[in-house]
Every structure is written in C-alpha cells, then in structure tokens.
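Chains as they are written, first to last, in the working numbering: chain A, 119 to 185; chain Z, 1172 to 1345.
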C-alpha cells in the first residue's frame, strides 16, 4: 500500500513506548500494533486526533504517501 | 432467544432429513441389488411402495440406469443435508460472516447445481423410456427446483463472501 504509517518514527522522536501511547490514546496494544505495522485498512478521525494530540504532531507526520 | 430456538429446531430437522435420506439411499440400494440378483419382484417395492417393476419389464438396462440415477441423486441429496448440518454446526450468530460458513454455503450451491444437472439428465433419460411405454408417475427428479435452489444459494454465498470482507475491514479499522 502506498500509504506508510510513520508512527514508530514519531514515537521514537517523542521517546514514547507503545504501552505509554496505548494508555494515553485509549487504544488497545493489539490495535496500536496493527496500526504501527501498517496492517490497518482504515483509521478513524477520532483515533488520528487522539494520536496527534498525545504525540503533539500533525496527521501528515504519521501518514505518508510513497509511490 | 427466538432465533436461537429456531436455529436449534432447524438443526434437529436437518439431522432427521440427513438420517432419513441415508436410510432411503441404503434401502433403495439394497432393494435394487435384491431385484437384480435374487428376486425381480423386489422392483415392485423398492422403498415404501416405490414400484419400478414396469421399467424392469421394459428392459434390465433401462431399470439399472433409472435406479442408478435414483440412488446417486438420493445419495447426493443426503450429502447436501450433511452440508446443511455442517453449516449449522459452524454458524455463529455473533460472528455470522466467517470463511468457514462462506465455504460451506458455496459448496452447498455448487452441489445443488450438480444435483440439478444430474436430475436434468435423469429427467431427459426417463422421458425417452416413457415413449417406450414406461410408467414413471412415481418418479419426480426435481431438476428445476434444484437449479433454482442453486442459483439462490450462489447469490447468498456471494453476499456472505462480501460480508466476510466487510467484517475483516471493520476489524482492521483502528
């Protein structure tokens, strides 16, 4: 899929673990893992909003279009 | 609650149909073998008064072909009932769309189509022996019913296939 999820990069930049992000965003670890590994088929705006709020970034920092 | 009860009742009904069809297949097969090798009079009562003696009198080859069609079709119907029982065993109302259920429904569709085609061939053959004077009033192959049934089940299988895709997509929406 040409959409790449850069969640791991953002987490590394913010020095935040998956457990910590999971607690702050309110998503299960398995769902976050699905998102991080790029297996997710869709992302809800509410999820994106929560992640951006916690990581203090823009949606474009998490999602990237690669040809 | 009501749906669960209906499902349980239908499961029991399909078990009864399966056992009944297995008994019918076995009984016709046994009577057929008796009528061929022991006593031709057995052709007068193949199964619950099913009389094909007039076809036997017409010629052994015609009799063998008609009863073979009958045995094969009854056996196939028994297998169809087995698939229906299997479907009930795999069906889960909480997660109705899963690959196992879709596979069984597709199999039922293809099998019903096969029964319809075999019944059509049998129908065509018996029409031929009617012209030679056979009485087939007791024979009803039900070819068109099975072809119609196969069409409906095929559409249902497509719906379930799409349902599985949608459920998967829903599960992978974060």
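Using N, Cα and C, we set each Cβ at its ideal position, and we do this for glycine too.
Going by the DSSP bridge assignment, what does residue 160 (chain A) pair with across the sheet? In the DSSP assignment, residue 160 (chain A) is bridged to Z:1344.
CA nearest to the CA of residue 173 (chain A), picked from A:161, A:120, A:122, A:127: Measuring C-alpha to C-alpha distances from residue 173 (chain A) to each of A:161, A:120, A:122, A:127 identifies A:127 as the nearest.
Which residue comes first and which comes last in the alpha helix (DSSP H) that contains residue 1218 (chain Z)? Premise fails: residue 1218 (chain Z) is in no alpha helix (DSSP H) and is neither H nor E.
So, at 7 Å on beta carbons, what are the nonlocal neighbours of residue 1303 (chain Z) in its own chain, with the 5 sequence-adjacent residues on each side left out? Residues of the same chain with a CB within less than 7 Å of the CB of residue 1303 (chain Z), apart from the 5 flanking positions on each side, are 1229 in chain order.
Measure the CB-CB distance between residue 1331 (chain Z) and residue 1276 (chain Z) and report whether it falls below 9 Å. Cβ atoms of residue 1331 (chain Z) and residue 1276 (chain Z): closer than 9 Å.
Which residues in the same chain have their Cβ closer than 8 Å to the Cβ of residue 185 (chain A), if we skip the five residues on either side of it in sequence? When the five nearest sequence neighbours on each side are left out, the beta carbons in the same chain lying within less than 8 Å of the beta carbon of residue 185 (chain A) are those of 120, in order along the chain.
If you count every other CB in all the chains shown that lies within 10 Å of the CB of residue 1202 (chain Z), and 16 or more means buried, which is it? Buried.
Option in Z:1299, Z:1337, Z:1318, Z:1282 with minimal Cα separation from residue 1243 (chain Z): Checked all of Z:1299, Z:1337, Z:1318, Z:1282; the closest Cα to residue 1243 (chain Z) is Z:1282.
Quick one: give me the first and last residue of the alpha helix (DSSP H) that residue 136 (chain A) is part of. Start and end: 136 to 143.
Output yes if chain Z places a C-beta closer than 9 Å to the C-beta of residue 152 (chain A); else output no. With 9 Å as the cut-off, residue 152 (chain A) counts as an interface residue toward chain Z.
Hey, would you say the C-beta of residue 1255 (chain Z) is under 8 Å away from at least one heavy atom of the ligand GDP? For the ligand GDP, the structure offers nothing, since it holds no ligand at all.
Spell out the partners DSSP gives residue 183 (chain A) in its beta bridges. Residue 183 (chain A) is bridged to A:121.
Given a cut-off of 9 Å on the beta-carbon distance, is the pair residue 1254 (chain Z) and residue 1270 (chain Z) in contact? Against a cut-off of 9 Å, the Cβ pair of residue 1270 (chain Z) and residue 1254 (chain Z) comes out as no contact.
Touching by the beta-carbon criterion (3+ pairs, under 8 Å), the region 1182 to 1197 of chain Z and the region 167 to 182 of chain A: No: the two stretches stay apart, fewer than three of their Cβ pairs being nearer than 8 Å.
Every unbroken beta strand (DSSP E) within the region 1200 to 1286 of chain Z, with a cutoff of 3 residues, ordered by chain: Secondary structure within the region 1200 to 1286 of chain Z: not one fully enclosed beta strand (DSSP E) run of 3 or more consecutive residues is present.
If we call anything under 9 Å between Cβ atoms a contact, is residue 147 (chain A) one with residue 123 (chain A)? Here residue 147 (chain A) is not near residue 123 (chain A), since their CB atoms are 9 Å or more apart.
Residues of chain Z with a CB under 7 Å from the CB of residue 165 (chain A): which are they? Chain Z residues near residue 165 (chain A): 1345.
Cβ of residue 1340 (chain Z) less than 9 Å from any chain A Cβ? Answer yes: the Cβ-Cβ gap between residue 1340 (chain Z) and chain A drops below 9 Å somewhere.
Just to confirm my understanding: we take residue 1285 (chain Z), look at its own chain, exclude 5 residues before and 5 after, and list those with CB closer than 8 Å. What are they? Answer for residue 1285 (chain Z): 1247, listed in chain order.
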